[in-house]
Structures are given as C-alpha cells and as structure tokens.
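Counting from 0, one number per residue, gives the positions in the sequence shown under numbering that gives the first Met the number 0.
Glycine included, C-beta positions come from ideal geometry on N, C-alpha and C.
Computed from a predicted model, the values in this text were never measured in an experiment.
First up is the structure itself, then whatever we jot down about it.
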Amino acid sequence: MNFDESDNLKKQREIRETAEMMKKIGAQRRFRSFDRLSAKLRLFLDSVDLIRSEEGEQLKSELFEVVVVGDQSDGKSTLLEAITGVQLPKGTGICTRCPIRLIIREAETESASIQINEQPSREVSDLSKLESELQRAQDDVVAGRKTSTKPITVKVNGPLLPNISVVDLPGINRETGDREQETVELIKKWITPQETIVIVIAKATNDIAASKGYQLAQEVDPDNKRTFLVITNCDGSLENKETDIQKLFSEKKKKLFAVKCFRSTADTTATSREELMNHEAQFFAQHKLFKHYSQNTGTAQLIQSLEALLCKKIEPHQQKILRHARRRVRELEKELEDLKTGESKFMDCVDECVFDIRTEIRDQVTGSDESEYRDNKLYQKCRDEWMNAGTMMREESANFKKDLLSTIRKECEAQRGRQLEQLPNNSPVLERIIGRLIESFKTLVGDTTQATQSYVHEELVKIVRNNLQKKPLLRGLQQLEEILTDGCKNQMDKLKEKAHRKVLEILDMQKVIFLNNPKIDDLFSKMAHEKDEQAAEHAPEKKAKSLLQIIEDCAKDWLETSDSAGSGAVQAALVGIMSKLGLHPPISQLLVIAALNFLPWWFSQPESKDQSFDHKDDEHRLVCLTYVYIELVCDRTADAVPMAIIHFFNKRLAADVCKLIPHPKWEDLKNLSTCAQQQQKIESASDSLRRWKDIVAQLCSPTSDETSAV
0 MNFDESDNLK KQREIRETAE MMKKIGAQRR FRSFDRLSAK LRLFLDSVDL IRSEEGEQLK
60 SELFEVVVVG DQSDGKSTLL EAITGVQLPK GTGICTRCPI RLIIREAETE SASIQINEQP
120 SREVSDLSKL ESELQRAQDD VVAGRKTSTK PITVKVNGPL LPNISVVDLP GINRETGDRE
180 QETVELIKKW ITPQETIVIV IAKATNDIAA SKGYQLAQEV DPDNKRTFLV ITNCDGSLEN
240 KETDIQKLFS EKKKKLFAVK CFRSTADTTA TSREELMNHE AQFFAQHKLF KHYSQNTGTA
300 QLIQSLEALL CKKIEPHQQK ILRHARRRVR ELEKELEDLK TGESKFMDCV DECVFDIRTE
360 IRDQVTGSDE SEYRDNKLYQ KCRDEWMNAG TMMREESANF KKDLLSTIRK ECEAQRGRQL
420 EQLPNNSPVL ERIIGRLIES FKTLVGDTTQ ATQSYVHEEL VKIVRNNLQK KPLLRGLQQL
480 EEILTDGCKN QMDKLKEKAH RKVLEILDMQ KVIFLNNPKI DDLFSKMAHE KDEQAAEHAP
540 EKKAKSLLQI IEDCAKDWLE TSDSAGSGAV QAALVGIMSK LGLHPPISQL LVIAALNFLP
600 WWFSQPESKD QSFDHKDDEH RLVCLTYVYI ELVCDRTADA VPMAIIHFFN KRLAADVCKL
660 IPHPKWEDLK NLSTCAQQQQ KIESASDSLR RWKDIVAQLC SPTSDETSAV
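Structure, rendered in structure tokens:
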C-alpha cells in the first residue's frame, strides 16, 4: 500500500514538474499567434494571398502553398483546428468535401468571411457560427454531390490567432470507387507543384505506409524535402505498431511529428488554448514511446518546424514578389488616373475594347491566330466539328450498304406495275435510295450545325468577358457585357439558320448532280456494250470487255489470288473508258475507286454466296449501279459539305463581326458610368494601391533584410 502511495506521489510530482515546464514555455511563446512567425513571414503571406486573389490560378504553380492531405477521418480537420484556432466541420464520413483555403491572421478585432470560388465574399459576424456557415458553403458548392473541385476561401482575423495560410483537401475514401479516383486526382493537382508544402495526416494505429495520402506525397516528393508526416490518434492501442513508429522517427530525412489534438470550444481564450497544449505536452511526456522524441511531438513543435520551412521556401521569392508589387503599383496608379478622367475616357475605353474583341474574333475564326493555344481556337474547333460530320456521313453510308440488296429488292417490288415489263426503268428505284441516303445526311449536318453554333457562341462570350476584364474602367460592368453578348446571340442564331440553309442547298445540289447527270447515266447504260477500240484494233478476234466485265475479272482475281499487282493496269483501263464519256477527272477517279470496290463487296454479302455476278442481269446491274452511286455520293458529300460549311461559317463570322459585336451607343452606356460606381471603383483601386505600396515599402526597408528569428 505504501509502495503504491509512493508511486502515486512520484507520478503526481512528475505531472506538476511537466506542467511547470510547459507553463514556462507557454509564457515564452504565449500560445497566441506563435510569435516565432517573423514580420517578414507575415509580410510574404499577405503578399502571396494578395497576388493569388488578383491573379487567380494563373500564378498558382509559382506560389507556395501549405496543403493538408490524408485518408478520410484520420483527423485532418481536428489538427487544423488546433493549428489555426478555427473550427472546421468534423464528424464521421466526409467532413471536408471541397478544397478549403484558410487564411488566418492576427488582428486587434475579430472578423471572418467566406468566399466560394471567385464569387463575392460573405461576411460572418459571429465567429462561433463559422463552422455552421462553412458547412452551408460546402453544401452550396457540392450541390448534391459528394465532393467538388471548387475551392472555398475562409479568412479569419482576430487576436490570439496565428499568421498562417493552409489548404484542407477532402479525405481519401477507398470504398467509393470512381469518387476515390476523383479525390486522388484533385490531391495530385494541389501537391504536385514544387513550391507546395505537404502535411500528410495518418493514424498511428493504422499502417502508415499503406496510407493513400502518404503514398501520394511520396510520389511527388520522394526525398521528403517538403513533406511533413503527422501521426494522430496517439492515445490508441499501438500494439505491433511501436517498431514501425520508431523506425519512422529514426529516419532523419523524414519530417515526422506526433500530435494529440484535444478539442477546443467555440469561445476558446488564450488560457484555454494554453491549457490544451499543456495537456498535450503532458500526454507525450508520460507516454512510454513518444517521451523519447520530445522534439517531434506536440502541435507547438510541428508549427515551429513548419514556420522554419515556410521561411526557407519563401525567401527566394522576395525579389519576384517585390517586382510584382512594383508592377501592380504602376498599374493601379494608371487605373486610378483612368477612373478619374470622366466620360470621354470611358467611351474611348469602350471603343478600344470593342476593337480588340472584333480583332480577336477575326483572328480566331480565320485561323490566323498563331498563339500556342491555337488548338483551342474557334477555327480549329469548327474544323474538327465538321470533319467529324464527314466521318459520320461515311459511317451512315456504310450502315446503308449493309442492307442494300434487300432494300433494292423491296424498292423493285414496289416499282412493279408502274412500268412496262418489256421496258424496265430502274431510275426511280435508284433515285429513291440515293435520295433517302442524302436525307439521312441532312439530319447529321443539322445536329452538327446546332452544336457548332452553341460552341461558337460560348467562345464569343468568353472573348467578350476576357477583354472587358482587361480594361479596369469596364471591369465588372454586367450591363455592358450583356449588350455585347446579346449581339452575339442574335447574330449567331441568324448565322445558324443561314448555315443550315446552305447545307440543305449543297445536299440538294448533290442529289441533282448524281441523279440527273446524263453522262453518268450514259456510262451505266453502255456498260454491257462499251467497246475498247484499241483492243479491238490489235485483237479483232476478241470482243472488247465492258466496264462491268473488267470489274468482275479484277475482283475475281483479287478474291482468288489476293494479288493486286495488276490493279494499276485495270485502274488505267477504267479511267480510259470513263474519259471517253467526257467526265470530269475528279468524278472519274471517284467512279474508278467505287467500281474497284464493288465486286469484293458483292461476294462478301450472304445473299450472293455461291453466285456469280452476271453483268447483264438487270438486278445485278442495278446493285452495281446503286453501290457505285452510294460510294460516289458519300465521298463527294463527306468532303464537300464539311469544307464548304467550314469556309462559309467562318467567313460569315469574320465578315459579320461588326454585327456580332455592335458598337454600344452612349445612351445605352451613360448609366454604367455613374458617380457611385466610379467612386466604388476608385475606392477599391485606392485600397489595393495602398496595400501594394505598403508591401513595397516593407520589402525595401532595412529591417526586411534582417535574419528571421525562425
């Protein structure tokens, strides 16, 4: 009994000593804003956040970021709450459902705001409601889905807060299949840049090496130069895990930390936060495993090491940030000057913007824009869309030929009784079949015209918005954007109708050419009687072969021997026969190709098994005639229609650019340049200018060159 009391007294004394030690440490650090964050680090954090807010994602890869990743429910949000003092959604299942960027700054008064993507920020007056407001913002972003890639930015200022910027990403759930892959791709996108510092969270009770977050970090940072491994749940059962944890601690290149985050309350004060961290320090001081690694345990040690790495990563960017800050000062000074020059300057700016929009549209639709992003421009997109329409026409033609024999027999049966049996006329059958094929093409190109119109309109709206954004005087004027884009919509609707009519005209013209061409009809009417005069002259005892006979001999030879060595001579003979009819060379070449393909197709049909091709049989002649016509129509139409519409569509866009982007009248714009709007823009620009000038002054001051205390 006495022995037990002695042990208890000893244990209580150790606890008191540990508490006293932590109290001294707390007095030095004060556990408020982690004072070891130097003024330079605070300055750089503010500079980077300002650059990111103005430049969007453009400079993201060049700016450092602190990102927290880990498997679902491993304690990411709880750790971030311990570091930042900001309460985040916690619980079972998915807590973080989109990227959350936390920008925490020490200030005399409390304030908070939440911004979704690039939308205007929403103020949160009561910090105790920040967690519920953030949960509501996540619900708005995911919109019924499990996760989203759209970021939420949370800015919190107040006394006793640290100066830090960090991003919390959704946790990885291996049981969600495709959704897991989406989360993995999102995490890779954020942690791949070399300037990103990665904090990987893993439970001590799990197999840390098998953690998906840890594996992803190892892929992008195999040398652990910018990765912190933080193990949580250290109060759990660590049986069979102690050896693995000791091995991780022994690897000096790894930045490994163990934390035990105790939950805080909504009204946390400096004392309560100090008590929480004291409680954490006592826990590790008494733990049989972690007490040997005091430099790598506790949230305070993690923050201290994180600060040191942040300073090391940011230091090389000082001159780059300074150059950017000076450039922004010059731009904002000019912007303020422009904002104060009045209506004449405003209209000049509108004129210049309209000219730039029209020029960019002309360059893109004519393919004259040679920028590195040309593959995303209008001309290339329109061309791809219409060439794809040509491919679909060929596929439709191939499907049409699958049932060609049965189709011809049905049409011939329907034709019976409409003609004299002694004088059969198969032209109506041919006309109906080819007409049906061309009608199917009309549906395809109609869909393509609609898709092209929709895409072009979207791109034109983007061009308008981008050019308005480049002009400080015009930035954010929604009514001006509507005036310009309404012209785009109205003109694009008209152009779509013109293009559709043009397509129908071309297809109808193709039908007339193919079904009312006496020379082509004459060719097939003479198939069985055509004489090769030169062959008859040199070999009068041999009768000249007809076109169908030549096709038949050639096809049979290919089918029996698979030898195409003589195809050149056969093709030359076919061209000679067709040239006598005076056909245009491109038509002749297409007919040759179609004719050479006919017999192999014929012998591949199930209905033609064990049958020879009799070129004098009416049905066989009609099948051959229809097949060659289909080939000819398809080849001509699949090339002619897309190319014609590409040139027509883009030529009309370039010619009608003034109608697409009409010049606004002053009567329509005078309400956009009101004193209140101008004053609001002036105040916004003045505030940005003041902040950038302050950054320049601090970066250029002698104290900015002093060595950081971190």
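Checklist line | For ALA284 and HIS278, the rounded distance between their alpha carbons | finding: For the purposes of this step, residue 278 is taken as residue 279 along the sequence shown, with counting starting at 1. For the purposes of this step, residue 284 is taken as residue 285 along the sequence shown, with counting starting at 1. HIS278 and ALA284: Cα-Cα distance of roughly 10 angstroms.
Checklist line | For ASN116, the three-state DSSP class (helix, strand or coil) | finding: Position 117 of the sequence shown, counting from 1, holds the residue named residue 116. In the displayed model, ASN116 falls within coil according to three-state DSSP, outside both helix and strand.
Margin query: Cutting at 7 angstroms between CB atoms, please list the residues of its own chain near ILE462, excluding the five before and the five after it.
Written below: To locate residue 462, count along the sequence shown from 1; it is residue 463. Answer for ILE462: ILE356, GLU359, ILE360, listed in chain order.
Notebook entry, point to check: Which of helix, strand or coil does DSSP assign to SER660?
Noted result: Counted from its first residue, the sequence shown places residue 660 at position 661. Rather than Ser, the amino acid found at residue 660 in this sequence is Ile. The answer is coil: DSSP assigns ILE660 none of H, G, I, E or B.
Note to self: Beta-carbon within less than 7 angstroms of VAL123's beta-carbon, same chain only, minus the 5 sequence neighbours each way: which residues are those?
What the structure shows: The residue labelled residue 123 in the question sits at position 124 within the sequence shown. Excluding positions up to five away in sequence, the list reads ALA111, SER112, ILE113, LEU129, GLU132.
Next item on the list: Check whether the region 458–474 touches the region 428–443, taking contact to mean three or more Cβ pairs, one atom from each stretch, closer than 8 angstroms.
Entry: no
Check: Can you name the start and end residues of the alpha helix (DSSP H) that ARG135 belongs to?
Finding: To locate residue 135, count along the sequence shown from 1; it is residue 136. Note, ARG135: alpha helix (DSSP H), 129–141.
Notebook entry, point to check: Does the distance from the C-beta atom of ILE681 to that of LEU215 stay below 8 angstroms?
Noted result: Within the sequence shown, numbered from 1, the residue matching residue 681 stands at position 682. Within the sequence shown, numbered from 1, the residue matching residue 215 stands at position 216. In this structure, LEU215 does not lie closer than 8 angstroms to ILE681 by Cβ.
Note to self: Distance check for LEU78 and CYS233, CA to CA, integer angstroms please.
What the structure shows: Translated into the one-based positions of the sequence shown, residue 233 becomes position 234. Translated into the one-based positions of the sequence shown, residue 78 becomes position 79. Whole-angstrom Cα-Cα distance: 13 angstroms.
Check: What does DSSP give as the partner residues of ILE196 in its beta bridges?
Finding: Taking the sequence shown and counting its residues from 1, the one referred to as residue 196 is at position 197. For ILE196, which the question treats as bridged, DSSP gives the partners VAL65.
Next item on the list: Report all residues from its chain with a CB closer than 8 angstroms to the CB of LEU288; omit the five preceding and five following residues, and keep chain order.
Entry: Counting from one through the sequence shown, the residue named residue 288 turns up at place 289. Only LEU237, GLU241, ILE244, GLN245 meet the Cβ criterion.
Checklist line | Host beta strand (DSSP E) of VAL123 (start-end) | finding: Position 124 of the sequence shown holds residue 123. In the DSSP annotation of this structure, VAL123 is not part of any beta strand (DSSP E), being labelled neither H nor E.
Next item on the list: Pull up the distance between the alpha-carbon of LEU483 and that of ALA654, whole angstroms please.
Entry: As a first step, residue 483 is located in the sequence shown; it is residue number 484 there, counting from the start. As a first step, residue 654 is located in the sequence shown; it is residue number 655 there, counting from the start. Their Cα atoms are separated by approximately 17 angstroms.
Notebook entry, point to check: Going by C-alpha distance, which of SER439, SER405, PHE354, VAL197 is nearest GLU395?
Noted result: To locate residue 395, count along the sequence shown from 1; it is residue 396. Looking at the Cα atoms, SER439 is the closest of the given residues.
Next item on the list: Please list, in chain order, all residues of the same chain as GLN86 whose beta carbon is under 7 angstroms from its beta carbon, the five residues on each side excluded.
Entry: As a position in the sequence shown, residue 86 is number 87, starting the count at 1. GLU80, LEU129, GLU130, ALA265.
Check: Are the beta-carbon atoms of ARG690 and LEU49 separated by less than 8 angstroms?
Finding: The sequence position of residue 690 within the sequence shown is 691, counting from 1. The sequence position of residue 49 within the sequence shown is 50, counting from 1. It is a contact, given that the beta carbons lie within the stated cut-off.
Checklist line | Beta bridge counterpart(s) of ASN156 as assigned by DSSP | finding: Start at 1 with the first residue of the sequence shown, and residue 156 comes out as number 157. The partner list for ASN156 (beta bridge, DSSP) reads ARG104, SER110.
Note to self: What would DSSP say about LEU168, mapped onto helix, strand or coil?
What the structure shows: Taking the first residue of the sequence shown as position 1, residue 168 is located at position 169. Residue state, collapsed to three classes: coil.
Next item on the list: Could you tell me whether the region 325–333 touches the region 439–457, using the rule of 3 or more Cβ pairs below 8 angstroms?
Entry: no
Notebook entry, point to check: For LYS202, which three-state DSSP category applies?
Noted result: One-based indexing of the sequence shown puts residue 202 at position 203. In the structure shown, LYS202 sits in a strand (DSSP, three-state: E or B).
Next item on the list: Please say whether THR231 and ILE196 have beta carbons closer to each other than 8 angstroms?
Entry: The residue given as residue 196 occupies position 197 in the sequence shown. The residue given as residue 231 occupies position 232 in the sequence shown. Contact flag unset, no.
Margin query: Please identify the residue among VAL349, PRO158, THR296, ASN387 whose C-alpha is closest to the C-alpha of PHE256.
Written below: Counting from one through the sequence shown, the residue named residue 256 turns up at place 257. The shortest Cα separation from PHE256 among VAL349, PRO158, THR296, ASN387 belongs to THR296.
Notebook entry, point to check: Taking DSSP as the reference, what is the three-state secondary structure of THR296?
Noted result: The sequence position of residue 296 within the sequence shown is 297, counting from 1. DSSP places THR296 in strand when its eight states are reduced to three.
Checklist line | Which of helix, strand or coil DSSP assigns to VAL353 | finding: If you number the sequence shown from 1, residue 353 lands on position 354. In the structure shown, VAL353 sits in a helix (DSSP, three-state: H, G or I).
Check: What did DSSP end up calling ASP383 once you bin it into helix, strand or coil?
Finding: Residue 383 sits at position 384 when you count from the first residue of the sequence shown. Helix.
Notebook entry, point to check: Expressed to the nearest angstrom, what Euclidean distance is found between the alpha-carbon atoms of GLN137 and PRO88?
Noted result: Position 138 of the sequence shown, counted from the first residue, corresponds to residue 137. Position 89 of the sequence shown, counted from the first residue, corresponds to residue 88. Cα to Cα, GLN137 sits roughly 10 angstroms from PRO88.
Next item on the list: State the start and end residues of the unbroken beta strand (DSSP E) segment that holds VAL229.
Entry: Your numbering for residue 229 matches position 230 in the sequence shown. Counting along the chain, the beta strand (DSSP E) containing VAL229 begins and ends at 226–231.
Next item on the list: Could you tell me the boundaries of the beta strand (DSSP E) in which LYS254 lies?
Entry: For this step, residue 254 is matched to residue 255 along the sequence shown. From DSSP, the beta strand (DSSP E) with LYS254 extends over 254–257.
Margin query: Can you look up ASP634 in the DSSP assignment and give me helix, strand or coil?
Written below: Taking the first residue of the sequence shown as 1, we reach residue 634 at position 635. DSSP places ASP634 in helix when its eight states are reduced to three.
Checklist line | Closest Cα partner of SER52 within the set ARG144, LEU467, ILE151, LYS75 | finding: Taking the sequence shown and counting its residues from 1, the one referred to as residue 52 is at position 53. Closest option to SER52, Cα to Cα, is ILE151.
Check: What are the boundary residues of the alpha helix (DSSP H) that ILE244 is part of?
Finding: Numbered from 1 along the sequence shown, position 245 holds the residue referred to as residue 244. Judged by DSSP secondary structure, ILE244 falls within the alpha helix (DSSP H) whose first and last residues are 241–249.
Notebook entry, point to check: Of the choices ASP492, ALA209, PRO192, whose alpha-carbon is the least far from that of ASP220?
Noted result: Taking the sequence shown and counting its residues from 1, the one referred to as residue 220 is at position 221. For the options ASP492, ALA209, PRO192, the alpha carbon positioned closest to that of ASP220 is the one of PRO192.
Item checked: Inter-residue CB distance, THR451 and GLU384 (contact presumed, cutoff 8 angstroms) -> Residue numbering aside, residue 451 sits at position 452 when the sequence shown is read from its first letter. Residue numbering aside, residue 384 sits at position 385 when the sequence shown is read from its first letter. That pair is a contact at about 5 angstroms.
Margin query: My output table needs one value for ASP492: the three-state DSSP class, helix, strand or coil.
Written below: Your numbering for residue 492 matches position 493 in the sequence shown. Note: ASP492 maps to helix in three-state DSSP.
Check: Leaving out five residues before and five after CYS699 in sequence, what residues of the same chain have Cβ atoms less than 7 angstroms from its Cβ?
Finding: Numbered from 1 along the sequence shown, position 700 holds the residue referred to as residue 699. Around CYS699: no qualifying Cβ.
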